[in-house]
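According to this note's numbering, the sequence shown is numbered sequentially starting from 27. Here the structure is laid out as structure tokens; the discussion comes afterwards.
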Amino acid sequence: MRPRFVRIDTRTSMITVRNFMHFKKILCALIQRRVTGMARVATGIIFAVAAVHSPQPLAVEEDVQAWFATFATKALDDRWIAYMEVQGRFGDDIGRLSQTLLRPAVGYRLSSNMSIWAGYGYIETERVNADDIQEHRIWQQALWNAGEVFGAAVTSRTRLEQRLIESADDTGWRLRQFVKFSRPFENNVDLNAVTYVEGFFALNDTDWGAEAGFDQLRLFAGIGREIARGVRFEGGYLNQYIRSPRGSDRANHILSINFFLDF
């Protein structure tokens, strides 16, 4: 079925004051550890994004979760890149496996700092007292390594997804914009302060519940370190705010543990 595109509605609040303050404490702790320059700029950008969508008091369901992910890339030649991503997400106060994600892809380097990608994603969401959800995603993205700004490495990723649910007919189109900043600590260059923001926007309505407009916002603050040749660790606090067109919005407080493998 051809998707019906409508104007994005940005009136829905993105993040509760309570969640905003949680995230502010994390970022302030990083700043107190002498994270200067671009890390402070990143902090300002994230606060500005949240401030633009300052919330009204709304009922929000909250959960504590843990997400574990591995991202693997392998250069096939000077241009082509293979990619695989595996994630396990534990919800309900980290009491059960709530979502599994597999995302293979292939990339092509346009230049030393720009690449384009196409891939597939399988996402299985396990629900309590309801049928599980099997989702298939076709996706395309542009990845830009913007170099260093004030000592921080800046990465931008723009992704377009076509989402298909096994029990439904419509295809949901969604746009994701991701910006990440990584800067070494002044007193320990092997350890980086990492922060990112990612906004999700649905582009059409579907028969399985998606509504055009703001979908979710993710805010992350943590640390990164290369622990072996070709192996990098990043971990920290991730705040995920999800708009629910029907019912209460959701705010997840997430321990995010990530490993990046480069073969």
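For every residue, glycine included, the Cβ atom is placed at its ideal position computed from N, Cα and C.
According to the neighbour-count rule (16 or more other Cβ atoms, all chains shown, within 10 Å of its Cβ), is residue i buried or exposed?
{"i": "residue 274", "result": "exposed"}
{"i": "residue 250", "result": "buried"}
{"i": "residue 264", "result": "buried"}
{"i": "residue 282", "result": "buried"}
{"i": "residue 277", "result": "buried"}
{"i": "residue 193", "result": "exposed"}
{"i": "residue 241", "result": "buried"}
{"i": "residue 56", "result": "Caution is warranted here: a pLDDT of 45 is assigned to residue 56, below 50, making its placement in the model unreliable, and the coordinate value is therefore given only provisionally. So residue 56 counts as buried."}
{"i": "residue 153", "result": "exposed"}
{"i": "residue 123", "result": "exposed"}
{"i": "residue 191", "result": "buried"}
{"i": "residue 222", "result": "buried"}
{"i": "residue 243", "result": "buried"}
{"i": "residue 65", "result": "Confidence at residue 65 is low in this model, with a pLDDT of 43, below 50, so its placement is unreliable and the value that follows should be read with caution. Buried: at least 16 other Cβ atoms inside 10 Å."}
{"i": "residue 257", "result": "exposed"}
{"i": "residue 267", "result": "buried"}
{"i": "residue 80", "result": "Because the pLDDT of residue 80 is 41, which lies under 50, any placement of that residue in the model is unreliable, and the number read from its coordinates should be weighed accordingly. Residue 80 comes out exposed."}
{"i": "residue 218", "result": "buried"}
{"i": "residue 117", "result": "buried"}
Start and end of the beta strand (DSSP E) containing residue i?
{"i": "residue 273", "result": "Here residue 273 belongs to no beta strand (DSSP E), and DSSP marks it neither H nor E."}
{"i": "residue 207", "result": "197–211"}
{"i": "residue 155", "result": "It is not in any beta strand (DSSP E) - residue 155 carries neither H nor E in the DSSP assignment."}
{"i": "residue 185", "result": "178–191"}
Kindly indicate which residue of the options has the alpha-carbon position closest to the one of residue i.
{"i": "residue 246", "options": "101, 176, 127 and 205", "result": "205"}
{"i": "residue 225", "options": "216, 212, 202 and 234", "result": "202"}
{"i": "residue 18", "options": "248, 106 and 190", "result": "Lying outside 27 to 289, the shown extent of the chain, residue 18 is not represented and no answer is given."}
{"i": "residue 200", "options": "193, 188 and 207", "result": "188"}
{"i": "residue 125", "options": "97, 103, 106 and 158", "result": "158"}
{"i": "residue 234", "options": "160, 101, 243 and 259", "result": "160"}
{"i": "residue 170", "options": "137, 178, 153 and 154", "result": "137"}
{"i": "residue 255", "options": "286, 272 and 271", "result": "286"}
{"i": "residue 229", "options": "197, 120 and 150", "result": "197"}
{"i": "residue 113", "options": "103, 97, 104 and 107", "result": "97"}
{"i": "residue 220", "options": "236, 150, 238 and 252", "result": "252"}
{"i": "residue 101", "options": "133, 94, 121 and 92", "result": "133"}
{"i": "residue 104", "options": "236, 111, 150 and 135", "result": "135"}
{"i": "residue 179", "options": "185, 155 and 209", "result": "209"}
{"i": "residue 291", "options": "94, 175, 195 and 131", "result": "No answer is possible for residue 291: the residues shown for the chain start at 27 and end at 289."}
Bridge partners of residue i, per DSSP?
{"i": "residue 94", "result": "114 and 283"}
{"i": "residue 141", "result": "135 and 169"}
{"i": "residue 253", "result": "In DSSP, residue 253 forms no bridge with anything."}
{"i": "residue 261", "result": "249 and 283"}
{"i": "residue 219", "result": "209 and 249"}
{"i": "residue 89", "result": "278"}
{"i": "residue 123", "result": "116"}
{"i": "residue 288", "result": "99"}
{"i": "residue 235", "result": "Per DSSP, none; premise fails for residue 235."}
{"i": "residue 243", "result": "225 and 267"}
{"i": "residue 105", "result": "In DSSP, residue 105 forms no bridge with anything."}
Any chance the segment 154–169 sits against the segment 134–144, with 3 or more Cβ pairs inside 8 Å? yes
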